[in-house]
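Notes to accompany the following structure.
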Amino acid sequence: MTADASMLQYAGMRLFRRKFASPFLPLFLLFFLIVLPVFAQIPDDPYLFEQWYLDAIHAPAAWEETTGSPDVIVAVLDAGFDLDHPDLIGQYWQNTRELVGNNKDDDNNGFEDDTYGWDFVDGDPMPEPQLGETFNDTVASHGTVIAGIIAATAENDEGITGIAPRVKIMPLRILDENGSGSTSEVRQAIVYAVRNGAQVINLSFTSDRHDPRLQEAIEWAVAQGVVVVTAVGNGGRDLQEKPSYPACFDLHVGYDLVLSVAASDRAGRKASFSNFGAGCTDVVASGTNVFGAVYHDPSRPFTATAYGSPWEGTSIAAPMVTGAVALIKSRYPLLTPAQVHLAVKLSVDPVLEVSVEARKQLGAGRLHVARALEAARVFAREGVRGGTRGAEHSRSFVVAQGRGSEPLVRRFDARGREVSSFLAYHRRFRGGVSVAVGDVDGDGKEEIVTGARAGGGPQVRVFDVDGRVRWQFFADDPSDRGGIQVGVGDTDGDGAGEIFVTPERGGTGEIRVFNRLGHLQGLIRPFGFVDGTLRLAFGNMDDDPEDELLVSWSGDTRAQVRVMDRSGRYLRDLPVSSSLIGAEIASADVDGDGMDEVIVAATRGRPPAIEVYSPQGAFEKFITAFAANMRTGLDICAGDIDQNGRAELYAVPLAGGGPQVQMMEGNGQSLGSFFAFETTSRSGLSCAIL
Numbered sequence: 002m003t004a005d006a007s008m009l010q011y012a013g014m015r016l017f018r019r020k021f022a023s024p025f026l027p028l029f030l031l032f033f034l035i036v037l038p039v040f041a042q043i044p045d046d047p048y049l050f051e052q053w054y055l056d057a058i059h060a061p062a063a064w065e066e067t068t069g070s071p072d073v074i075v076a077v078l079d080a081g082f083d084l085d086h087p088d089l090i091g092q093y094w095q096n097t098r099e100l101v102g103n104n105k106d107d108d109n110n111g112f113e114d115d116t117y118g119w120d121f122v123d124g125d126p127m128p129e130p131q132l133g134e135t136f137n138d139t140v141a142s143h144g145t146v147i148a149g150i151i152a153a154t155a156e157n158d159e160g161i162t163g164i165a166p167r168v169k170i171m172p173l174r175i176l177d178e179n180g181s182g183s184t185s186e187v188r189q190a191i192v193y194a195v196r197n198g199a200q201v202i203n204l205s206f207t208s209d210r211h212d213p214r215l216q217e218a219i220e221w222a223v224a225q226g227v228v229v230v231t232a233v234g235n236g237g238r239d240l241q242e243k244p245s246y247p248a249c250f251d252l253h254v255g256y257d258l259v260l261s262v263a264a265s266d267r268a269g270r271k272a273s274f275s276n277f278g279a280g281c282t283d284v285v286a287s288g289t290n291v292f293g294a295v296y297h298d299p300s301r302p303f304t305a306t307a308y309g310s311p312w313e314g315t316s317i318a319a320p321m322v323t324g325a326v327a328l329i330k331s332r333y334p335l336l337t338p339a340q341v342h343l344a345v346k347l348s349v350d351p352v353l354e355v356s357v358e359a360r361k362q363l364g365a366g367r368l369h370v371a372r373a374l375e376a377a378r379v380f381a382r383e384g385v386r387g388g389t390r391g392a393e394h395s396r397s398f399v400v401a402q403g404r405g406s407e408p409l410v411r412r413f414d415a416r417g418r419e420v421s422s423f424l425a426y427h428r429r430f431r432g433g434v435s436v437a438v439g440d441v442d443g444d445g446k447e448e449i450v451t452g453a454r455a456g457g458g459p460q461v462r463v464f465d466v467d468g469r470v471r472w473q474f475f476a477d478d479p480s481d482r483g484g485i486q487v488g489v490g491d492t493d494g495d496g497a498g499e500i501f502v503t504p505e506r507g508g509t510g511e512i513r514v515f516n517r518l519g520h521l522q523g524l525i526r527p528f529g530f531v532d533g534t535l536r537l538a539f540g541n542m543d544d545d546p547e548d549e550l551l552v553s554w555s556g557d558t559r560a561q562v563r564v565m566d567r568s569g570r571y572l573r574d575l576p577v578s579s580s581l582i583g584a585e586i587a588s589a590d591v592d593g594d595g596m597d598e599v600i601v602a603a604t605r606g607r608p609p610a611i612e613v614y615s616p617q618g619a620f621e622k623f624i625t626a627f628a629a630n631m632r633t634g635l636d637i638c639a640g641d642i643d644q645n646g647r648a649e650l651y652a653v654p655l656a657g658g659g660p661q662v663q664m665m666e667g668n669g670q671s672l673g674s675f676f677a678f679e680t681t682s683r684s685g686l687s688c689a690i691l
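Quick note on numbering: the sequence shown equals residues 2 to 691 in this note's numbering.
This is the structure in structure tokens:
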């Protein structure tokens, strides 16, 4: 155990077939176990009748809406996994960017051959339990039991079914063969899980010591939009008197950081062994007499069967909630962790304790998966009042690389999955690509518009969403190599967007306006003949149906944002922070009131801040998009991809920053992040909402 790691505790387990009495160990798994071998061969999930807890948590009713999505990845941090288990072999996440067994780190993530997760105990790519001449088969099975509760395959004529049988399990080993480990490995595993796409993390262990660095790691994961579920621990103690972590990190941060789970028995009462305590306990789930998938090896007498029971403990209750969260994230992928927590807690059944005081010590109540999905639907739809202009078109995210990289444009859906990609210019061009989106021909379908940046001629190209060229033209003298920036906005309300072009370098403060065929429609100088950088956005700043043009200008001594109509007529200036002007601006309805706000991103050399203003220029919010020490500047775009009536914010670094896309609600709450290109790229990005 490293000097900066706290000891985690492994709670005792017991078997009929062999006794296991654990002394105090650095890391405790959190359940009691009694396993009776079960042998049967009947078709179609033959042990489904053993899974009484599925009805207790109302999982079958939830399955009428969803059984999960393979796009949702659940990281389980535990003592190892049976990677060949017949009910789980197809359920494990695979790192498709890594080639199997070539002894190379193909995806440059720092882990060689990590095709199926990682073993943080032994430092290898096989997160299986270590089985020597003598081994503890209960410890060996622990991770497999949890994985099976969450995601065992359904309708495969084999064993059991998981609560979310279509999601994927990311297996990460952080406990050794004795159930011992440290928070150092846990922190590393959390970072790995988040960076490799996990949306939910299950932590079925506890520590009696508060580790601030583990707390920070979990805070960081939650800030990326990941829901962290943890067990409150066994021992029957009041956590207000003797806290257990990670469950009690909430007491230190002052808000609901993790979703902490206590155990109930089959009658709906608190299980006798379960810890409890207001402030550390959020919800209760079934945690006794559970039948599950176990580690199996037919060559060993204690592991000959692939299933067994009864398992008990709060670490058995925690994956019940994790499975419910996985269903919610499958159906409503952009809900924030806070919204998921509320959906789970507002939908519970009461705990059948006699006194009100006892019920208060057990959080909101007993898990009800079907009602949790109903509550999540309310959160996904809240704020829809009057609709968002253009919301029906905002369904994907478009991003292009900057200077130094090939001119590749990629389109992603709301979950960060790539939908299509294409080269905007010749593969050898390395000047970077400016990208914008709009319906330039009025047919109700949006196009992707690109401009060649510094080093390329002022060529504008218009593509359909699959990357086929529709139109192209030069916006200025073809010999000019200063580069251009593009924007699209329907400023005259005729249903067809105009293409606005500004020089990336040089120029005299002009904006050229074209139709899709390249016919010049006009030339605007919002600030007269000036030197400096202009940036554009379009939004509805008043009650009429036409977009207004927003232009930011950064001069030597001052900066401004000006609102104009399509003809270039001055409407008003917005009193935004001069310290942020010069990078990018955007406009969208982030609060669902039918009017577009103005979003301003930081310029190069300043912390990665975003400010949100009302259409009249009144300051509303300050948001930090990335780590405060980043100074590359930001591109910012906004749109209602998840169709909930409020636009989301998407921030990407400019030149010098990595290819990370940070997704946020309009209030700054993180919706997660993903890498749009190779993680080593530092060319910066340009983004737009389709």
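The beta-carbon is built from N, C-alpha and C at its ideal position, and this holds for glycine as well.
Values in this document were obtained by computation on a predicted structure and should not be read as measured data.
Taking VAL295 as the reference, give the member of SER331, ALA148 and PRO608 with the closest Cα. The residue among SER331, ALA148 and PRO608 with its C-alpha nearest the C-alpha of VAL295 is ALA148.
Residue from GLY288, TYR117, PHE121 and ARG411 whose Cα sits closest to the Cα of SER422: Checked all of GLY288, TYR117, PHE121 and ARG411; the closest Cα to SER422 is ARG411.
Through-space distance from LEU524 to ARG517, alpha-carbon basis: Between ARG517 and LEU524, the alpha-carbon positions lie close to 16 Å from each other.
Could you please give the first and the last residue of the uninterrupted alpha helix (DSSP H) stretch that includes VAL195? For VAL195, the enclosing alpha helix (DSSP H) covers residues 184 to 196.
Less than 8 Å between the CB of VAL259 and some heavy atom of the ligand ADP, yes or no? Among the components modelled here there is no ligand, and therefore nothing to report on the ligand ADP.
Any chance you could list the beta strand (DSSP E) runs of at least 3 consecutive residues sitting entirely within the region 220 to 287, in chain order? Correct list: 228 to 232, 260 to 265 and 284 to 287.
Do you know offhand how far GLY439's Cα is from ALA677's? Rounded to whole angstroms, GLY439 to ALA677 spans 21 Å at the Cα level.
If you run the structure through DSSP and keep just helix, strand and coil, what is LEU28? Only weak support exists for where LEU28 lies, its pLDDT of 45 falling under 50; the value from the coordinates is given anyway. In this structure, LEU28 counts as coil in the three-state DSSP scheme.
Assigned exposure category for ILE90 - 16 Cβ within 10 Å defines buried: Classification of ILE90: exposed, given that the 10 Å Cβ count is below 16.
Does DSSP classify PHE33 as helix, strand or coil? For PHE33, the predicted structure reports a pLDDT of 34, less than 50, and the residue's modelled location is therefore unreliable. A value from the coordinates is still provided. Correct three-state label for PHE33: strand.
Classification of THR443 by the beta-carbon crowding that lies within 10 angstroms, buried from 16 upward: The residue asked about is misnamed: residue 443 is Gly in this sequence, not Thr. Looking at its Cβ environment, which holds fewer than 16 other Cβ atoms inside 10 Å, GLY443 is exposed.
Could you check which residue in GLY180, ASP115 and ARG367 has the C-alpha nearest to that of ALA141? With distances taken between Cα atoms, ALA141 lies closest to GLY180.
Quick one: grab the DSSP three-state call for SER205. Note: SER205 maps to coil in three-state DSSP.
TYR426 and GLN460: beta carbons closer than 9 Å? In this structure, GLN460 lies closer than 9 Å to TYR426 by Cβ.
Under the three-state DSSP convention, the category TRP64 falls into: DSSP places TRP64 in helix when its eight states are reduced to three.
When PRO334, HIS143 and ILE164 are compared against SER205, the one with the closest alpha-carbon: Closest option to SER205, Cα to Cα, is HIS143.
Buried or exposed by the 16-neighbour rule on C-beta atoms within 10 Å, applied to LYS330: Only buried fits LYS330, as 16 or more other CB atoms lie within 10 angstroms of its CB.
Which first and last residues belong to the beta strand (DSSP E) in which MET542 is found? Note, MET542: premise wrong, no beta strand (DSSP E); not H, not E.
Which parts of the region 58 to 120 are runs of the beta strand (DSSP E), unbroken and 3 residues or longer, counting only runs that do not cross its ends? The qualifying runs are 74 to 79.
Would you check if the distance between the CB atom of ALA152 and the CB atom of GLY163 is smaller than 9 Å? Result yes, Cβ atoms of ALA152 and GLY163 sit closer than 9 Å.
Out of ALA656, ILE637 and PRO660, point me to the one whose CA is closest to GLU649's CA. Considering only alpha carbons, the answer is ILE637.
With a threshold of 16 other CB atoms inside 10 Å of the CB of ASP45, please say whether the residue is buried or exposed. Its Cβ having fewer than 16 others within 10 Å, ASP45 is exposed.
Would you please state the rounded distance, in angstroms, between the beta carbons of VAL322 and VAL262? I believe it to be under 8 Å. VAL322 to VAL262, Cβ: 5 Å. Contact.
Spatial distance of VAL420 from LEU691 (CA atoms): Cα-Cα distance, rounded: 12 Å.
When the Cα atoms are used, what is the spatial distance from SER684 to ARG605? The alpha-carbon separation between SER684 and ARG605 amounts to approximately 14 Å.
Please report the straight-line C-alpha distance between ILE485 and PHE515, rounded to a whole angstrom. Distance from the CA of ILE485 to the CA of PHE515, rounded to the nearest whole angstrom, comes to 14 Å.
With H, G and I counted as helix, E and B as strand and the rest as coil, what does DSSP make of PRO338? Here PRO338 sits in helix by DSSP.
With the cut-off set at 9 Å, would you say VAL662 and PHE398 are in Cβ contact? Between VAL662 and PHE398, the CB-CB gap stays under 9 Å.
Who pairs with ILE637 in a beta bridge, going by DSSP? ILE637 is bridged by DSSP to ALA652.
Between the region 308 to 323 and the region 231 to 243, can you find at least three pairs of beta-carbon atoms closer than 8 Å? Under the Cβ criterion (8 Å, minimum of three pairs), the region 231 to 243 counts as touching the region 308 to 323.
Taking the C-alpha atoms as reference points, what is the distance between PHE675 and GLY111? Going by the C-alpha atoms only, they are around 17 Å apart.
Any idea if GLU156 is buried or exposed, counting beta-carbon neighbours within 10 angstroms, 16 or more meaning buried? Counting of Cβ neighbours within 10 angstroms places GLU156 among the exposed residues, the total staying below 16.
Less than 9 Å between the beta carbons of LYS622 and GLY673, yes or no? At the C-beta level, LYS622 and GLY673 stay beyond 9 Å of one another.
Beta-carbon contacts of GLU585 that lie in its chain and below 6 Å, excluding the five residues immediately before and after: The beta carbon of GLU585 sits closer than 6 Å to those of ARG536, ALA602, ASP636 and ILE637, all from its chain and outside the five residues before and after it, given in chain order.
What is the DSSP secondary structure of GLN670, reduced to helix, strand or coil? Here GLN670 sits in coil by DSSP.
My understanding is that VAL599 touches PRO616, with C-beta atoms under 8 Å, so please give their C-beta distance in whole angstroms. Between PRO616 and VAL599 the Cβ distance is about 7 Å, and since that is below 8 Å, they are a contact.
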